[in-house]
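S.K.:
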Amino acid sequence: MTALSVNVNKIAVLRNSRGGDEPDVVRAARTCLQSGAHGITVHPRPDQRHIRTADVLALAALTLEHEVELNLEGNPFAPAREGYPGFLALCEQVRPAQATLVPDGDGQLTSDHGFDFDRDAARLRPLIAELKSLGCRVSLFVDAGTPGLEAARDIGADRIEIYTGPFAQAQAAGDASGALATCSATARQAASLGLGVNAGHDLSQANLTEFLEAVPQVQEVSIGHALISEALYVGLERTIHHYLDILSGRG
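If you're matching positions, the sequence shown starts at 50 in the working numbering and goes up one per residue.
Now the structure itself:
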């Protein structure tokens with residue numbers, strides 16, 4: 050069964066829009082785990098627009114308590130700032146089960162592209178080695194169809210995460226066949242290289258079944274925006290159960 054890691058960034062967005070401590074990110078994450086989610090994902094950014102360093106520390110303790118995985122996403126090249134120690138320093142503090150490296154910049158609303166291995170491989174290699182020395186499984190965010198997946202293996206990555214935004218857009222437009230074929234080919238290639246496969250971005254109840262039927266190699270999906278949006282109508286527990294039904298083939 051593909052694992053569900055719930056991204057709780059959007060809970061922090063809502064909290065930060067008003068100030069104070071509500072809604073409580075840790076309480077929301079706990080509800081997700083008590084409802085059956087397999088892990089928690091967060092993507093702290095240097096500008097702290099949503100998840101803050103204190104949230105990461107608290108969520109690390111929560112996932113340890115529940116014996117599930119924390120997936121920490123971020124740009125390993127982004128420098129430290131006031132209140133943000135830098136991605137590797139944060140990983141050193143909390144030792145997440147999985148570190149997902151993403152090449153995003155401050156100006157991006159959300160992650161929207163993967164690594165260019167011709168440009169980034171040499172810089173990534175020592176960072177991956179450092180993360181693995183901390184006990185982290187390392188996943189690299191990639192575009193479906195990206196060339197040079199061999200480089201991901203050669204520099205020490207354990208998994209890739211396929212960026213599924215283009216698939217979600219194509220599916221919403223009514224024809225996802227081309228995007229699915231590209232995702233499927235990327236997953237097959239990764240598996241042939243000994244790399245695990247994750248997926249994320251704009252996955253939802255409306256498209257997840259179709260995606261997983263075409264890309265059965267996926268070991269984990271991280272879902273945040275759609276899941277939190279759907280939960281506004283029916284609640285977190287019921288929404289998590291809907292996703293688990295899909296992932297188990299019952300949805």
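Quick reminder that beta carbons are idealized off the backbone N, C-alpha and C, glycines included.
Could you tell me which residues DSSP pairs with I272 in its beta bridges?
M.R.: In DSSP, I272 forms a bridge with V55.
S.K.: Give the DSSP-derived three-state secondary structure of F216 in the structure shown.
M.R.: In this structure, F216 counts as helix in the three-state DSSP scheme.
S.K.: Terminal residues of the continuous alpha helix (DSSP H) containing L150?
M.R.: No alpha helix (DSSP H) contains L150, which is instead part of the beta strand (DSSP E) from Q147 to L150.
S.K.: Taking 9 Å as the cut-off, decide whether the C-beta atoms of T80 and N120 are in contact.
M.R.: No.
S.K.: Thinking C-beta only, is E269 closer than 9 Å to A248?
M.R.: For A248 and E269, yes; Cβs fall inside 9 Å.
S.K.: Going by beta-carbon coordinates alone, are T102 and P134 separated by less than 9 Å?
M.R.: Yes, these two residues count as a Cβ contact at 9 Å.
S.K.: Less than 7 Å between C-beta atoms, sequence neighbours within five positions excluded: which residues of the same chain meet that for V246?
M.R.: Here the set comprises R208, I209, I211, A236, A239, A240, Q266, V267 and Q268.
S.K.: Distance check for V62 and R98, CA to CA, integer angstroms please.
M.R.: Straight-line Cα distance between these residues: approximately 7 Å.
S.K.: Runs of 4 residues minimum, wholly inside the region 217-296: which ones carry the alpha helix (DSSP H) assignment?
M.R.: Runs of the alpha helix (DSSP H) inside the region 217-296: 226-241, 257-263, 274-283 and 285-296.
S.K.: Figure out for me which residue from A86, A78 and H162 has the closest Cα to the Cα of L293.
M.R.: Of the listed residues, the one whose Cα sits closest to L293 is A86.
S.K.: Locate the alpha helix (DSSP H) running through D104, then write down its first and last residues.
M.R.: Run containing D104: T102 to H115, per the alpha helix (DSSP H) assignment.
S.K.: Using 8 Å as the Cβ pair cut-off and three pairs as the minimum, do the region 160-178 and the region 187-204 touch?
M.R.: Result yes; three or more Cβ-Cβ pairs closer than 8 Å.
S.K.: In the DSSP assignment, the alpha helix (DSSP H) including S182 goes from what residue to what residue?
M.R.: That run of the alpha helix (DSSP H) goes F166 to S182.
S.K.: How should P175 be labelled, buried or exposed, when 16 other C-beta atoms within 10 angstroms of its C-beta is the threshold for buried?
M.R.: Under this definition P175 is an exposed residue.
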